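Quick note on numbering: my numbering labels position 165 of the sequence shown as 160, and the sequence is numbered without any gaps.
Glycine included, each C-beta is placed from N, C-alpha and C at the ideal position.
Bear in mind that the values here come from a model prediction, so they are computed numbers and not experimental data.
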Amino acid sequence: MTEDTKISSQNFIGTPEASLRGIFPDWKPYRIHQIFNWVYHYGYRDFAEMSNISKVMRAQLADRFHFSLPQVQNKTHSQDGSIKYLLRLDDGALVESVWMPSDSRKTLCISTQVGCRLNCSFCLTASLGLKRNLTAGEILGQCMTVNEDLGKEDAITNVVFMGMGEPLDNLGPVVDALRLMTAPEAMRMSTRKVTVSTSGLVDRINEFQKENIHINLAISLNASDDITRDRIMPINKKYPIKVLMDCLKNYPLKPQRRHTIEYVLLEGINDSDDDARRLAKWLKGIPCKINLIPFNSFESSEYRPPPDKQTFKFQDYLIEQNFSAFIRQNRATDILGACGQLAAESQNPSYA
Ligand code: SAH
């Protein structure tokens, strides 16, 4: 091929099976699965080494595709064992992923956008605005880079889409990444161990449902009345609480599965006894567990977490009403690695 006719090379990481089938219509599907297995399960990054694939096919792949993963720009270790990764993408953009170990699991919190456009008043990522969406390869690549960096012993067992960005505002690439992440012939993660967190984009939740990917959904509710939610999460003006709750009620869940409701506790804003009562009322009839997240502070924030006593009282009321309610142990707060504290781009003024 001459320079003029050469098709520009694309990142193999994140390329969906359907695209590969379109590019190579004569290939048997199991061939694509074999290649996925080399890449996502065995970690190969060179088509030439894929010994059960014909030389011709390997050459065709190498003509069209290359491998690119986010690069580790910096690592910050928290006292609780978590590690915050600052990752550099091909165009110089930076995102953060946070690896959190516990006895039974290793959870990676990943980003889906550089910045975010939802402008929630309690979230530091909002201050960046939306710079751009991540590609499926960049979303998946966060897991692959961290796994390569930490080695087998510390390999990720769970993934939460709770880093920078609103996953459902970048639906296509998120869906492509989820398919590869959970496919038995690719990354092989159990759908039970993957959670996508959303601020409640109702139309997108409905679209996502049609994709038939049965991962866990976490909904950031964060308020018990529309006036408060309008104020702290402007997206509520488009999708008010009732509309969001109706959407969850109609969402078909597999047996034994339930939604997660996230509720960031902000002192004096949404943490009163009345708030707990209203919250319980909204959630009646929705299969869910509730994660209460005491606000994680950052320098420019006007909010504070409630005193522990009020947090426990809030939880107790929900438990009395027969909900499973947990106070989420905040991880990595000492390194600004907790929920709502990720703002990698602020460290990279050249990417504005
Ligand atoms: N955009 C998605 C995912 C990113 S935020 C969403 O809204 O769900 C992940 C979680 O962190 C959300 O539940 C969000 O409400 C919460 N969060 C954001 N800022 C926070 C902060 N400063 N302290 C505690 N939780 C926060």
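Enclosing alpha helix (DSSP H) for residue i [first to last residue]
| i | result |
| --- | --- |
| arginine 355 | Given a span of -4 to 347 for the chain in the structure shown, any question on residue 355 remains unanswerable. |
| asparagine 142 | 131 to 145 |
| cysteine 104 | Per DSSP, cysteine 104 belongs to no alpha helix (DSSP H); it is in the beta strand (DSSP E), 101 to 104. |
| leucine 274 | 268 to 278 |
| tyrosine 312 | 303 to 315 |
| glutamate 202 | 197 to 205 |
| methionine 52 | 50 to 59 |
| arginine 187 | Premise fails: arginine 187 is in no alpha helix (DSSP H) and is neither H nor E. |
| isoleucine 18 | 12 to 18 |
Inter-residue Cα distance where the pair is residue i and residue j
| i | j | result |
| --- | --- | --- |
| serine 185 | isoleucine 78 | 23 Å |
| tryptophan 434 | serine 73 | Past the edges of the chain, shown from -4 to 347, lies residue 434, and the structure says nothing about it. |
| lysine 50 | alanine 57 | 10 Å |
| glutamine 336 | isoleucine 322 | 18 Å |
| phenylalanine 318 | glycine 160 | 29 Å |
| tyrosine 37 | arginine 174 | 18 Å |
| leucine 119 | threonine 130 | 22 Å |
| glutamate -2 | tryptophan 22 | Only weak support exists for where glutamate -2 lies, its pLDDT of 47 falling under 50; the value from the coordinates is given anyway. Going by the C-alpha atoms only, they are around 26 Å apart. |
| proline 229 | leucine 125 | 15 Å |
| glutamate 294 | asparagine 211 | 32 Å |
| glutamine 66 | arginine 40 | 15 Å |
| valine 197 | glutamate 206 | 15 Å |
| asparagine 286 | aspartate 86 | 36 Å |
| valine 76 | proline 96 | Sequence inspection shows glycine at residue 76; the valine mentioned does not correspond to that position. Those two C-alpha atoms are separated by around 7 Å. |
| glutamate 143 | proline 168 | 22 Å |
| arginine 187 | serine 99 | 15 Å |
| glycine 195 | glutamate 44 | 44 Å |
| threonine 0 | glutamine 55 | Unreliable placement is indicated for threonine 0, whose pLDDT of 47 sits below 50; no coordinate value is reported for it. |
| tyrosine 234 | tyrosine 35 | 37 Å |
| glutamine 68 | isoleucine 105 | 16 Å |
| alanine 338 | leucine 82 | 12 Å |
| proline 162 | aspartate 268 | 32 Å |
| proline 302 | asparagine 32 | 49 Å |
| threonine 328 | tryptophan 277 | 30 Å |
| methionine 27 | arginine 53 | Here residue 27 is isoleucine; the residue named in the question, methionine, does not match the sequence. Roughly 11 Å between the two C-alpha positions. |
| lysine 244 | aspartate 221 | 18 Å |
| glutamate 148 | leucine 103 | 14 Å |
| isoleucine 236 | aspartate 225 | 10 Å |
| alanine 320 | proline 250 | 20 Å |
| leucine 239 | arginine 59 | 43 Å |
| valine 109 | serine 296 | 20 Å |
Same chain, Cβ closer than 8 Å to residue i, five either side skipped, listed in chain order
| i | result |
| --- | --- |
| proline 300 | Leu260, Leu261, Glu262, Pro289, Phe290, Asn291, Ser292 and Thr306 |
| isoleucine 227 | Cys115, Ser116, Phe117, Asn217, Ala218, Leu261, Ile264 and Asn265 |
| proline 247 | Gln204 |
| tyrosine 25 | none |
| methionine 176 | Leu135, Cys138, Val154, Met182, Met184 and Val189 |
| proline 11 | Ala131, Asp171, Arg174 and Leu175 |
| arginine 326 | Ser73, Asp75, Ser77, Val93, Met95, Gly332 and Ala333 |
| leucine 166 | Arg199, Glu202 and Phe203 |
| arginine 16 | Trp22, Pro24 and Ile27 |
Bounding residues of the beta strand (DSSP E) (the contiguous stretch that carries residue i)
| i | result |
| --- | --- |
| proline 162 | Here proline 162 belongs to no beta strand (DSSP E), and DSSP marks it neither H nor E. |
| threonine 83 | What sits at residue 83 in the sequence shown is arginine, not threonine. Start and end: 78 to 83. |
| glutamine 336 | Segment: none, glutamine 336 is in no beta strand (DSSP E) and carries neither H nor E. |
| glutamine 108 | 108 to 110 |
| threonine 71 | 66 to 72 |
| methionine 95 | 89 to 96 |
| leucine 125 | 125 to 128 |
| serine 215 | 211 to 215 |
| alanine 320 | 319 to 322 |
| cysteine 115 | First-last for cysteine 115: undefined, no H or E at that position. |
| valine 155 | 153 to 156 |
| asparagine 286 | 283 to 289 |
Presumed contact (8 Å Cβ cut-off) between residue i and residue j, rounded CB distance
| i | j | result |
| --- | --- | --- |
| glutamate 107 | threonine 190 | Looking at the sequence shown, residue 107 is not glutamate but threonine. 13 Å between Cβ atoms; not a contact. |
| glycine 9 | aspartate 171 | 6 Å |
| isoleucine 151 | valine 141 | 7 Å |
| serine 4 | histidine 61 | 5 Å |
| glycine 158 | glutamate 257 | Not quite, the Cβ-Cβ distance comes to about 14 Å (not below 8 Å), so this is no contact. |
| threonine 404 | isoleucine 208 | Outside the displayed span of the chain (-4 to 347) sits residue 404, for which this structure offers no information. |
| isoleucine 30 | isoleucine 18 | So it is not a contact: roughly 12 Å between Cβ atoms. |
| arginine 127 | alanine 88 | 7 Å |
Cut-off 6 Å between Cβ atoms - residues of its own chain near residue i, not counting five sequence neighbours on either side
| i | result |
| --- | --- |
| isoleucine 200 | Cys242 |
| glycine 132 | Asn6, Ile8 and Gly9 |
| methionine -4 | Note on methionine -4: pLDDT 44, under 50, position unreliable in the model; the coordinate value appears next. Result list for methionine -4: empty, nothing under 6 Å. |
| threonine 223 | Asn265 |
| threonine 71 | Lys79 and Ile330 |
| leucine 145 | none |
| serine 122 | none |
| leucine 274 | Ser219 |
Residue i: CB within 6 Å of a non-hydrogen atom of the ligand ATP
| i | result |
| --- | --- |
| methionine 157 | The model depicted lacks the ligand ATP and carries the ligand SAH instead. |
Cβ shell of residue i (< 7 Å), same chain only, five flanking positions each side left out
| i | result |
| --- | --- |
| alanine 271 | Phe309, Tyr312 and Leu313 |
| alanine 347 | Here alanine 347 scores only 45 on pLDDT, less than 50, and its place in the model should not be relied on; the value that follows carries that caveat. Excluding positions up to five away in sequence, the list is empty. |
| proline 282 | Leu248, Arg253 and His254 |
Q: Mind listing, in chain order, the continuous alpha helix (DSSP H) runs of no fewer than 4 residues lying wholly within the stretch 222 to 261?
A: Taking only runs of at least 4 residues, the alpha helix (DSSP H) segments lying wholly in the stretch 222 to 261 are 236 to 245.
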